[in-house]
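Protein chains: 6
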Amino acid sequence: MTQNVHLGELSWPQYERWLSGTNPVMLLPVGALEQHGYHMGMNVDVALPTAVCERVAARIGALVAPPLSYGYKSQQKSGGGNHYPGTTSLDGMTLTSTVRDIIREFARHGLRRLVIMNGHFENAMFIVEGIDLALRELTLAGIDDFRIMTLSYWDFAEDPGLLAELYPDGFNGWDVEHGGVFETSLMLALRLDQVHLDKVEDHPPAQFPPYDVFPVIPERTPAPGTLSSAKEATAEKGQSILKVCVDGITAAIRHEFNPMRAD
Amino acid sequence: MTQNVHLGELSWPQYERWLSGTNPVMLLPVGALEQHGYHMGMNVDVALPTAVCERVAARIGALVAPPLSYGYKSQQKSGGGNHYPGTTSLDGMTLTSTVRDIIREFARHGLRRLVIMNGHFENAMFIVEGIDLALRELTLAGIDDFRIMTLSYWDFAEDPGLLAELYPDGFNGWDVEHGGVFETSLMLALRLDQVHLDKVEDHPPAQFPPYDVFPVIPERTPAPGTLSSAKEATAEKGQSILKVCVDGITAAIRHEFNPMRAD
Amino acid sequence: MTQNVHLGELSWPQYERWLSGTNPVMLLPVGALEQHGYHMGMNVDVALPTAVCERVAARIGALVAPPLSYGYKSQQKSGGGNHYPGTTSLDGMTLTSTVRDIIREFARHGLRRLVIMNGHFENAMFIVEGIDLALRELTLAGIDDFRIMTLSYWDFAEDPGLLAELYPDGFNGWDVEHGGVFETSLMLALRLDQVHLDKVEDHPPAQFPPYDVFPVIPERTPAPGTLSSAKEATAEKGQSILKVCVDGITAAIRHEFNPMRAD
Amino acid sequence: MTQNVHLGELSWPQYERWLSGTNPVMLLPVGALEQHGYHMGMNVDVALPTAVCERVAARIGALVAPPLSYGYKSQQKSGGGNHYPGTTSLDGMTLTSTVRDIIREFARHGLRRLVIMNGHFENAMFIVEGIDLALRELTLAGIDDFRIMTLSYWDFAEDPGLLAELYPDGFNGWDVEHGGVFETSLMLALRLDQVHLDKVEDHPPAQFPPYDVFPVIPERTPAPGTLSSAKEATAEKGQSILKVCVDGITAAIRHEFNPMRAD
Amino acid sequence: MTQNVHLGELSWPQYERWLSGTNPVMLLPVGALEQHGYHMGMNVDVALPTAVCERVAARIGALVAPPLSYGYKSQQKSGGGNHYPGTTSLDGMTLTSTVRDIIREFARHGLRRLVIMNGHFENAMFIVEGIDLALRELTLAGIDDFRIMTLSYWDFAEDPGLLAELYPDGFNGWDVEHGGVFETSLMLALRLDQVHLDKVEDHPPAQFPPYDVFPVIPERTPAPGTLSSAKEATAEKGQSILKVCVDGITAAIRHEFNPMRAD
Amino acid sequence: MTQNVHLGELSWPQYERWLSGTNPVMLLPVGALEQHGYHMGMNVDVALPTAVCERVAARIGALVAPPLSYGYKSQQKSGGGNHYPGTTSLDGMTLTSTVRDIIREFARHGLRRLVIMNGHFENAMFIVEGIDLALRELTLAGIDDFRIMTLSYWDFAEDPGLLAELYPDGFNGWDVEHGGVFETSLMLALRLDQVHLDKVEDHPPAQFPPYDVFPVIPERTPAPGTLSSAKEATAEKGQSILKVCVDGITAAIRHEFNPMRAD
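Residue numbers (my numbering), protein chains in the order written: chain A, 1 to 263; chain B, 1 to 263; chain C, 1 to 263; chain D, 1 to 263; chain E, 1 to 263; chain F, 1 to 263.
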């Protein structure tokens, strides 16, 4: 596949031509700049959905819009908390407005099928609100055929076989998968040079009470900022995850949006 | 226990006296006006956390602030979707601003311990944002000892014994517990006259793909608007839930905030 | 009267059936959490319009939506000022957004007749702005038949006979009627147990200059927080007020909206 | 009196010198662009408070800031309604933000005494909110000595002698004084050439029910847009009003703010 | 020319009659309250575009709406910086909202041709955003023939002959023309009594690096607050500028909007 | 130079170590997704400042934060207009809020020196407003040593020698340099494969009147969307520009912020 999947690298006439296809699908990765422990950089949550988008796009002739690199505030029980240096987050309304504005513009172009691929748990509801505000406005404008799929890519990895491969000793749940085996394996598969496995601290999964306290009590997050150990991460596991997610998301988009191109 | 737990029924000197105690704790229920199937009214998500708050307050000498009766937009996979008649929701920023404003005022009064008890899944992140905006402002005002616990009461029901009692045939997960056995049992225990078990439709748990599509496709929600069947709901189960939740939340607040009154 | 007038206690199919009537009317009480002196709780401004709404609804087959329990900031010359402990107020835009959002949702349901019943003087203009923003949006959506009546229930008590009964020594004007004979009598009629007449301080009506100063100078408010004495309040006066207001408002709604049900 | 009272006509060093006085007072007129019947222009609500400010400023050595010429939406029962051509109004939050921003800047300059003189009934609460937002921010900045007086100039005309002179046949209340004897007399005294008494339509005072309906029903406003007849307006009456208001406001400011200059 | 060009001085029926013409054009001056050195008042940026508007309006039968007297924050390299006492600026969103609201109202009146004449460099982009937000809303309302011209009046003075007359020793560029020969000459021509040439400090043009630093370093602005010397300003030059600008803008409006009246 | 300049690729302890240096400087590129003619992709305005940032960062030991890939709406006279397909822009307040939020977070980390490098003309004022809102808030938080430099990289290319090399036939001004020789040469030097010189249309520089009209009249933009011809663009010119800009910006940052590392 040699087609350029990056919207930003197309000229406007190329984009216009692409838009004239049948059910063209745009993919928008939404991530975060958030600490991911001692062993990885802070762009994990944007790098991963972007990589998934690129692979999905190549399969279905979609385009990938420039990712949103800043996300909503890290929460202690899913991302360690927003008190770490480096974690750089937006107010909820800022993220919501960004999503709303981009949808409005895509609709003006004539696009009618959008997939928002989330890579940062905390973003989900603010993306939903951005979608709702945008669709409300589009409805007022008489546009009622704009359809949006929104997903967090890890929700496609709920395959029992995959989970058994990733966690031979048992899965601890997505909630502690911040900087753990899942994300680290993916980074090993995709950006090997940015992972420093020697820095992984092998701590037990974080345990949290069934509530949140604000201001966050920093000591409740394991010191590295990760919520489970990445010790068992491997590039092979990353490839397996990638395959399952890309396959699943590709199938889902085909099912919902039926875009123009066969694989 | 004869003390009035409702903030709204106290005069301001009574409230001022209460505030002079040790670590006084205010409880704020946040709910929604949302359809809950054929067999229940639409105030379930506010009635339930309010009832839990009243019981917890009586145990620890807390007060219950007037509940927020309107919440964030119902999502298909947790609440059936916002397209039902009767479901009456706020924009995210409206809910966030409301939470922020109320915290600001409580801080002005001299309160320093607040529990926000959520009864509607979709509210959670907008409450979090309201808390963050308020605490940011309080910090600027030199107030750095205001502490907030936020929780969804059902997160205290994760007890294996309780789940076994509630779901002898196996638990389907919280995500399909909209209008199902859990909420209906609680309503039977608390507001028997508002539940019409004869209207319950015994449908299998809703099944959703690992993504969301907007605009929502109404047919993907079971017709009644519930996500699982309430057929096995009983008032006894409701009493069990209530006990576990009230006990757990009471203990959690005592642990975190150490309020003034013994039981 | 056996019909349930509370929207929150209806299931969505019940609500849908109600909506299919002729000119169905929804009533939305908007109040405040505001100190009302030594002798009453702080929920007076929401309890009273809610009670009026319930009685009016029963007469005309209307429904009462969950009240808004928090209102705009108390002003010194009408509510004693926002500096009292317990008074818990919203920013203007928060109240306005709440009203706007709720109207938008009611319109989505198919409702076309709404009465907003205000119980807190300071709310009035922010309700008006919420109505204007909502109707502007509805107009863009092609909905031009949504009609809203907004009122403060005490404006229906301007009957000379009633005023003579309430104030045999002469009426001091609505502006000092915060926590005075009017509101206290209504509370005596409706929530006897929440009024402590022994706590009433018999002070002369507050006198204010023809301007406001900010920050408020607390000493300019009579110490109890009330603006006139409630000493002459009686439950009988409360019943008289209630009758006049309910009759008047019922007639007004029938005149403007002509709803489906005879008394 | 030869001193220039207009802030906009001073150079910044002149302003700085003025600020170094004792308790210097700034006056900010806030008006509207709103129809005022067949016989007057639409700038009445800004022209009148500006004229009062100029006279008061000359008496106490105050300055007059550039007036706000656009105000909040005209209401039917106080201004005829916002449906008239020419009436050009702001959203509430726009007016509130403007007031907040200007106060913030005055505080930065070192000013600590501000009088906001309102000329348009509908503005009042949005001015109050702008004041509250500004003072909240100033408090965070450690500025706690900024004092603001806000008033509507006509509230100083409640003198029985004056009312008897203005309305020998009885006063109908401020609510119908839109474009009537009061405002028209003032305009005759101040801007004779802009009043066309021959266009006055001699209609009885408008009568409104004790509620508002939206969208406004235009027919409920007397056709000219005025709420009472200006037929008895005279320049002499205008001079009397002006004297009473300027005297009263001057005294009030001296009483509250004690500015530097004797008369 | 005896026609009144000020919208605020017309009654609504006069305005309505004017609107019934062919392509009636409204002019809205947008300025600032900003220091302009030792020798001029702070209303220069609003006085000048208002004066231009009045002259243009008289030529083409346009109306002048009340000017916006407060603008966006002064920038060091174009206005000396926002740290001077007296400079009184709005947040960007406040100015944007004001422009949006006024356009919305003009559209409701039936106006379809608006010229926004800017007198303060820093306003330009916030005006543009106000226009965009308003036109977006008008489009949703089905109004697609509202046309807006926006300009800064000095952009019509780029005539080589004029520049040679104004700056016989060479033009230093618009960026340092804050309080210099250009604006001062115009003020001399229009408001002679408000200019104090004896206060002019004859400093060389300000020199700035190709970047901005925040917080502003006050010393980088020439002490008077002007960015070049006004020493060579004369009323004759002001008349020349005025003629060129008024001619040019008149021609541009005629070209674009073709309003009803010949000169 | 082997140090990683990308903030997103550092772990939080690496970032914390970097922050402990002397005057560490963060660089934030702000661009746009905007059409750039037939011959280039739409990411030019973000790719170019990012590339400049990377080179500057390597020279002074700075870090480059993830760029903002979406900017303010394209204007006809500087970017061709926002009506082209592909151009995907944010509302002004969205961009402003994003900048504000990111600065707030950097300040929390302990950073005190930030350079915002703009690559899209239309962004400038909304960045300025974001800076102002952030610094206002930081001041309230007692942080008064956060310094920000903001610049558009092309403002460092005003070197006469460079302009002579780039435009041997004379420079037409920055305003028509959208997609012309300047940007295209830079892209040739940096992303050769993304430039298609064969698609360049050799049109004369765009000519615009001294005003803007909205809605934009598309025909006034040259058909390709560029405002001048890129025909004479070469990679060598791009290298020259890059050198001048990187040198100049490096020197400016050293001058203003004096960061820790020698070249």
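Note that CB positions come from ideal geometry on N, CA and C, so glycine has one too. This one's a predicted model, so the numbers in the text were calculated from it and none came from an experiment.
Out of curiosity, what's the CA-to-CA distance linking D/S89 and D/G41?
-> Residue numbering aside, residue 89 of chain D sits at position 89 when the fourth sequence is read from its first letter. Residue numbering aside, residue 41 of chain D sits at position 41 when the fourth sequence is read from its first letter. Straight-line measurement puts the Cα of D/G41 at about 15 Å from the Cα of D/S89.
Return yes when at least one heavy atom of the ligand ATP lies under 7 Å from the C-beta of B/P67, else no.
-> Judged by which ligands are present, the structure shown has none, so any question about the ligand ATP falls away.
Touching by the beta-carbon criterion (3+ pairs, under 8 Å), the region 7–24 of chain D and the region 226–233 of chain C | Counting Cβ pairs under 8 Å, fewer than three are found: no touch.
Beta-carbon proximity of C/L188 to C/A233, cut-off 8 Å | Within the third sequence, numbered from 1, the residue matching residue 188 of chain C stands at position 188. Within the third sequence, numbered from 1, the residue matching residue 233 of chain C stands at position 233. The answer is yes: Cβ separation under 8 Å.
Quick one: does A/L140 have its CB under 8 Å from some CB of chain I?
-> Of the chains in the structure shown, none is chain I; the protein chains are A, B, C, D, E and F.
Under the assumption that C/V246 contacts C/V115 (Cβ atoms under 8 Å), give the Cβ distance between them as a whole number of angstroms.
-> On the third sequence, position 246 is the one that residue 246 of chain C refers to. On the third sequence, position 115 is the one that residue 115 of chain C refers to. Not really, about 13 Å apart at Cβ, beyond 8 Å.
If the cut is a Cβ gap below 8 Å, which residues of chain C does D/I264 touch?
-> Any answer about residue 264 of chain D is impossible in this case: the structure gives chain D only from 1 up to 263.
So D/L28 and C/Y211 are in contact, right, with Cβ under 8 Å, and what is the actual spacing, rounded?
-> Counted from its first residue, the fourth sequence places residue 28 of chain D at position 28. Counted from its first residue, the third sequence places residue 211 of chain C at position 211. Contact doesn't hold; Cβ gap of about 14 Å is too wide.
Close-in-space but distant-in-sequence residues of the same chain around F/Q194 (CB under 6 Å, 5 per side omitted) | Residue numbering aside, residue 194 of chain F sits at position 194 when the sixth sequence is read from its first letter. Here the set comprises G41.
Return the Cβ separation of E/V216 and E/G61 in integer angstroms, given the expectation that the two are a contact with Cβ distance under 8 Å.
-> For this step, residue 216 of chain E is matched to residue 216 along the fifth sequence. For this step, residue 61 of chain E is matched to residue 61 along the fifth sequence. With a contact defined as Cβ atoms closer than 8 Å, E/V216 and E/G61 miss out at about 44 Å.
Hey, D/G119 and D/G31 are a contact pair by Cβ (cut 8 Å); roughly how many whole angstroms apart?
-> Mapped onto the fourth sequence, residue 119 of chain D falls at position 119. Mapped onto the fourth sequence, residue 31 of chain D falls at position 31. Contact annotation, D/G119 with D/G31: C-beta distance approximately 4 Å; criterion of less than 8 Å satisfied.
Would you list the residues sitting across from B/F265 in a DSSP beta bridge?
-> Because residue 265 of chain B is not part of the residues shown, which for chain B are 1 to 263, the question remains open.
What does B/I249 touch in chain C if you count any residue whose Cβ is under 8 Å from its own?
-> On the second sequence, position 249 is the one that residue 249 of chain B refers to. Within chain C, no C-beta atom comes less than 8 Å from the C-beta of B/I249; the nearest is roughly 22 Å away.
What runs of the beta strand (DSSP E), each 3 residues or longer, lie entirely inside the region 92–137 of chain B?
-> Complete beta strand (DSSP E) runs here, min 3: 113–118.
Since D/Y72 sits in a beta bridge, which residues does DSSP pair it with?
-> In the fourth sequence, the residue the question calls residue 72 of chain D occupies position 72. By DSSP's assignment, D/Y72 forms a beta bridge with D/L90.
Using a Cβ-Cβ cut-off of 8 Å, state whether C/T2 counts as contacting chain B.
-> Translated into the one-based positions of the third sequence, residue 2 of chain C becomes position 2. Low per-residue confidence applies at C/T2: pLDDT is 49, beneath 50, and the placement is therefore not dependable enough to give any value.
So what does DSSP say about D/V200, is it helix, strand or coil?
-> Numbered from 1 along the fourth sequence, position 200 holds the residue referred to as residue 200 of chain D. Coil.
Give the secondary structure of E/V64 by DSSP, where H, G and I count as helix, E and B as strand, and everything else as coil.
-> Stepping through the fifth sequence from its first residue, residue 64 of chain E is reached at position 64. Looking at E/V64 - three-state DSSP - the assignment turns out to be strand.
Cβ neighbours of D/M1 in the same chain (closer than 6 Å, five flanking residues each side left out) | In the fourth sequence, the residue the question calls residue 1 of chain D occupies position 1. Bear in mind that the predicted position of D/M1 carries a pLDDT of just 38, short of 50, making it unreliable; the figure below should be weighed with that in mind. Excluding positions up to five away in sequence, the list reads A58.
Beta carbon of B/F156, beta carbon of B/V46: below 8 Å?
-> Locating residue 156 of chain B in the second sequence gives position 156, counting from the first residue. Locating residue 46 of chain B in the second sequence gives position 46, counting from the first residue. Against a cut-off of 8 Å, the Cβ pair of B/V46 and B/F156 comes out as no contact.
Whose C-alpha, out of F/R100, F/I241, F/I102 and F/V213, is nearest the C-alpha of F/E165?
-> By one-based count along the sixth sequence, residue 165 of chain F stands at place 165. Ranking the options by Cα distance to F/E165, first place goes to F/I241.
Chain-order list of residues whose beta-carbon lies under 8 Å from that of F/Q75 (same chain, five-residue window excluded) | By one-based count along the sixth sequence, residue 75 of chain F stands at place 75. Within the same chain, and ignoring the five residues on either side of F/Q75 in sequence, the residues whose Cβ sits closer than 8 Å to its Cβ are G81, N82, F121, E122 and D212.
Residue span of the beta strand (DSSP E) that contains D/P29, given as start and end | Working through the fourth sequence from its first residue, we reach residue 29 of chain D at position 29. D/P29: member of the beta strand (DSSP E) spanning M26 to V30, first to last residue.
List, in order along the chain, the chain E residues whose C-beta lies closer than 9 Å to that of D/P49?
-> On the fourth sequence, residue 49 of chain D is found 49 positions in, with the first residue counted as 1. Ordered by position in chain E, no residue passes the 9 Å Cβ test against D/P49, which lies about 14 Å from the chain.
Would E/Q194 count as contacting chain D if we go by Cβ distances under 8 Å?
-> The residue you call residue 194 of chain E lines up with position 194 of the fifth sequence. At least one chain D Cβ lies under 8 Å of E/Q194.
Which residues DSSP lists as bridging A/H6, in chain order = For the purposes of this step, residue 6 of chain A is taken as residue 6 along the first sequence, with counting starting at 1. For A/H6, which the question treats as bridged, DSSP gives the partners A/V64.
So does the region 89–98 of chain C actually touch the region 127–134 of chain C, counting three or more Cβ pairs closer than 8 Å?
-> Yes, since at least three Cβ pairs between the region 89–98 of chain C and the region 127–134 of chain C fall closer than 8 Å, the two stretches touch.
So is D/R17 buried or exposed if we call it buried at 16+ other beta carbons inside 10 Å?
-> Here residue 17 of chain D refers to the residue found at position 17 when the fourth sequence is read from its first residue. A residue is called buried when at least 16 other Cβ atoms come within 10 angstroms of its Cβ; D/R17 does not meet this threshold and is exposed.
Contact set between the region 63–74 of chain F and chain E, restricted to residues whose Cβ is under 7 Å from the partner | Cβ contacts with chain E come from K73.
Just tell me which of A/L48, A/D91 and A/R100 has its CA closest to the CA of A/G238.
-> On the first sequence, position 238 is the one that residue 238 of chain A refers to. The option with the nearest alpha carbon to A/G238 is A/L48.
Give the secondary structure of E/L227 by DSSP, where H, G and I count as helix, E and B as strand, and everything else as coil.
-> Counting from 1 along the fifth sequence, the entry for residue 227 of chain E is found at position 227. DSSP places E/L227 outside both helix and strand once states are collapsed to three, so it counts as coil.
Chain-ordered residues of the region 85–98 of chain D with a beta carbon less than 8 Å from chain E = Answer set for the region 85–98 of chain D: P85, G86, T87, T88, S89, L90, D91, M93, T94, S97 and T98.
8 Å Cβ cut-off: residues of chain F touching A/D101 | The residue labelled residue 101 of chain A in the question sits at position 101 within the first sequence. Within 8 Å Cβ-Cβ: Y70, S89, L90, D91 and T94.
In chain A, which residues lie with their C-beta within 8 Å of the C-beta of F/Q35?
-> Translated into the one-based positions of the sixth sequence, residue 35 of chain F becomes position 35. Those within 8 Å of F/Q35 in chain A are S11 and W12.
Of all the CB atoms in chain B, is at least one closer than 8 Å to the CB of C/E23?
-> Locating residue 23 of chain C in the third sequence gives position 23, counting from the first residue. For the sequence presented, residue 23 of chain C should be read as Asn rather than Glu. At least 8 Å separates the CB of C/N23 from every CB of chain B.
Neighbourhood of F/A262 by C-beta distance below 6 Å, restricted to the same chain and skipping five residues each side = The residue you call residue 262 of chain F lines up with position 262 of the sixth sequence. Low per-residue confidence applies at F/A262: pLDDT is 42, beneath 50, and the placement is therefore not dependable enough to give any value.
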